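**Student:**
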Amino acid sequence: MDWINLIIGFFIANVLGYGGGPASIPLMYREIVTNHEWTTSTEFSNILALGNALPGPIATKIAAFVGYDVAGWGGALLALAATVVPSAVALILLLKVLQKHRQSPVVKGMTLLVQPVIAIMMLLLTWQMAESSVESIGLIQSLIIAAVAFWAIQFRKIHPAIVIVAAFIYGGLVIPHLNVV
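In our numbering, each residue carries its 1-based index in the sequence shown increased by 169.
#1: Can you tell me whether G244 is buried or exposed? The criterion is at least 16 other CB atoms within 10 Å of its CB, across all chains shown.
#2: Along the chain, which unbroken stretches of the beta strand (DSSP E) at least 3 residues long are found entirely within the region 220 to 246?
#3: Give the DSSP-derived three-state secondary structure of W207 in the structure shown.
#4: How big is the Cα-Cα spacing for I327 and A218?
#5: Can you tell which of F337, G236, H270 has its C-alpha closest to the C-alpha of N174?
#6: Please return the same chain residues whose Cβ sits closer than 6 Å to the Cβ of F234, not counting the five positions on each side in sequence.
#7: Helix, strand or coil: which one does DSSP assign to A327?
#8: Tell me the DSSP secondary structure of M170 in three-state form.
#9: Just mark G241 as buried or exposed, buried being the case when its beta carbon has 16 or more other beta carbons within 10 Å.
#10: In whole angstroms, what is the alpha-carbon distance linking M279 and F319?
#11: Please confirm whether T252 and A222 have their CB atoms less than 7 Å apart.
#12: Go ahead and pull the three-state DSSP assignment for R271.
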């Protein structure tokens, strides 16, 4: 049953995740944490953070980890297939159609109007992850870490992977000594 749920869960998240990994993440969160309870919100945040620090598409890394965690190597392969195969097939078919109709106002409208929906989905995921962070380490620590990360990425132009690794190190070396975990 876990194998079928892995296929359906990752298929749904990635078929409906228009716009790639960032758009799929809230849908994956819903399938992984809310619908199937394969992991907790905090664990999902850790998977997402570590996955962003590694090279390659985020959706496949999340699928591989969760699939393996739920059903071993077979689960990892099924979750990966459910993530990659539908997108690859749809990409090939849709690109042929879009190339043919790329000047159509309908096609232009569809691609422009879906962007606010994706933005709201990302905002909701950010809110859920922020709530989890505040519950775990407190409001002050969460705000300080968020502000430093924003400054490092936005103004210092430090690669997000380096900021994530720095946050892991800070979380492992400093947070436990502050008695907030």
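Backbone N, C-alpha and C fix where the C-beta goes; we use that ideal spot for every residue, glycine too. For clarity, every value in this text was computed on a predicted model and none was experimentally measured.
**Tutor:** Reading off the structure:
#1: buried
#2: Under the rule that a run must span 3 or more residues, no beta strand (DSSP E) segment is found entirely inside the region 220 to 246.
#3: coil
#4: Between the C-alpha atoms of I327 and A218 there is a straight-line separation of about 16 Å.
#5: Cα-wise, what sits closest to N174 is G236.
#6: I216
#7: Before going further, note that residue 327 is Ile rather than Ala in the sequence given. Three-state DSSP puts I327 in coil, outside helix and strand.
#8: coil
#9: exposed
#10: A direct Cα-Cα distance of roughly 32 Å separates M279 from F319.
#11: no
#12: coil
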